[in-house]
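Shown next, in structure tokens, is the structure this report addresses.
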Amino acid sequence: MDGTQFGILLFATVWGVYTFVYKETILPERRPATLTVTTSLEELGRTSEAVLIRLRIHAVNRTDRRVYAPALWYNVEAFKLAPQAGGLDEYRARVASAPQFDIQSRFSGVSESDVVAVGTIYKTGTTWFEPTHEDTTEVLFAVPLARRYDALYVKSLCFLTKDVNGLALTGWKVSERGELSPKLVIFGRPYDPDLEDHYAWALAAGAGFSDSISTMSLWEKPAATASQAVSADPRVTTRPQAGLEN
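Mapping of the sequence shown onto this note's numbering: residues 81 to 326, in sequence order.
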């Protein structure tokens, strides 16, 4: 075997090791746990007293390895908007006094918010997704019109990891406002990523929290007029006859 053949053989061997060991084994192990979660809200109907809402949460594993989802849960808030003075001076003063707010609207502000629905979807601490596996959950709940809420805000949250060794889900906490959060335990202690051993575990397991957010207006939609009440996707139901002679 001459030097050229040996070089080609060596290159092929190295390439094979890279492809089948690094790309297929080492690289996936280094990636953090990832689960694509999509959350949506939809009004299904209303009466004179309440609005019926459907919450849909869809989760899919688009990675090439198993992903554990020990806890997936959601919190839904309803809130009211109140008008605010829209003058530039007043608006600048509000922003200057509270720059840490996520949003400062010039003409409206949140005057009231309440938790109206919460729930757990994965709650055993042992749920996992194989590659390409997906799951959809739908929940129905009603919101009273007497409360005169303007909109809904839902956040679905998930704790993800590639390894559940040393991890336990011991229950759920309820905040003063009624929001849910999981009681996660690592090595017999409540999970705290600021602790050195917990941080090291999370880093090695690719663990962390992920969330998905959606909002929906509760304002009543105007009734469609006769000219508007047509199909948004018209279809031809009969084939035009061509070539007819008088």
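Using N, Cα and C, we set each Cβ at its ideal position, and we do this for glycine too.
Computed from a predicted structure; not experimentally measured.
Status (buried if at least 16 other CB within 10 Å, exposed otherwise) for residue i
| i | result |
| --- | --- |
| residue 245 | exposed |
| residue 299 | exposed |
| residue 178 | exposed |
| residue 119 | buried |
| residue 163 | exposed |
| residue 128 | exposed |
| residue 207 | buried |
| residue 211 | exposed |
| residue 113 | buried |
| residue 285 | buried |
| residue 117 | buried |
| residue 143 | buried |
Identity of the residue in the options nearest residue i by Cα
| i | options | result |
| --- | --- | --- |
| residue 295 | 158, 242 and 201 | 158 |
| residue 193 | 212, 285, 217 and 223 | 223 |
| residue 189 | 201, 171 and 211 | 171 |
| residue 218 | 226, 207 and 200 | 200 |
| residue 227 | 160, 284, 116 and 125 | 160 |
| residue 191 | 173, 230, 216 and 205 | 230 |
Contact set for residue i: own chain, Cβ-Cβ below 8 Å, skip 5 residues either direction
| i | result |
| --- | --- |
| residue 214 | 138, 139, 140 and 141 |
| residue 278 | 266, 267, 269, 271 and 272 |
| residue 169 | none |
Residue i, enclosing alpha helix (DSSP H) - first and last residue
| i | result |
| --- | --- |
| residue 281 | 276-285 |
| residue 175 | 168-177 |
Whether residue i touches residue j by CB criterion (9 Å)
| i | j | result |
| --- | --- | --- |
| residue 247 | residue 287 | yes |
| residue 249 | residue 301 | no |
| residue 154 | residue 135 | yes |
| residue 242 | residue 251 | no |
| residue 225 | residue 156 | no |
| residue 291 | residue 235 | yes |
| residue 269 | residue 275 | yes |
| residue 115 | residue 209 | yes |
Same chain, Cβ closer than 6 Å to residue i, five either side skipped, listed in chain order
| i | result |
| --- | --- |
| residue 80 | With the chain running from 81 to 326 in the structure shown, residue 80 is simply not present. |
| residue 152 | 201, 202 and 238 |
| residue 125 | 132 |
| residue 175 | 184 |
Terminal residues of the beta strand (DSSP E) in which residue i lies
| i | result |
| --- | --- |
| residue 218 | 214-224 |
| residue 291 | 288-297 |
| residue 210 | No beta strand (DSSP E) holds residue 210; DSSP gives it neither H nor E. |
| residue 273 | Unbroken run through residue 273: none, as it is neither H nor E. |
| residue 258 | Counting along the chain, residue 258 falls outside any beta strand (DSSP E), and DSSP gives it neither H nor E. |
| residue 229 | Where residue 229 is concerned, there is no enclosing beta strand (DSSP E), given that its DSSP letter is neither H nor E. |
| residue 160 | 147-163 |
| residue 122 | 116-126 |
| residue 198 | 188-202 |
| residue 140 | 130-140 |
Close-in-space but distant-in-sequence residues of the same chain around residue i (CB under 7 Å, 5 per side omitted)
| i | result |
| --- | --- |
| residue 282 | 273 and 288 |
| residue 257 | 195 |
| residue 131 | 123, 222, 223, 225 and 298 |
| residue 166 | 186 and 187 |
Any non-hydrogen atom of the ligand GTP within 8 Å of residue i CB
| i | result |
| --- | --- |
| residue 165 | Annotation note on the ligand GTP: not contained in the displayed structure, which lists no ligands. |
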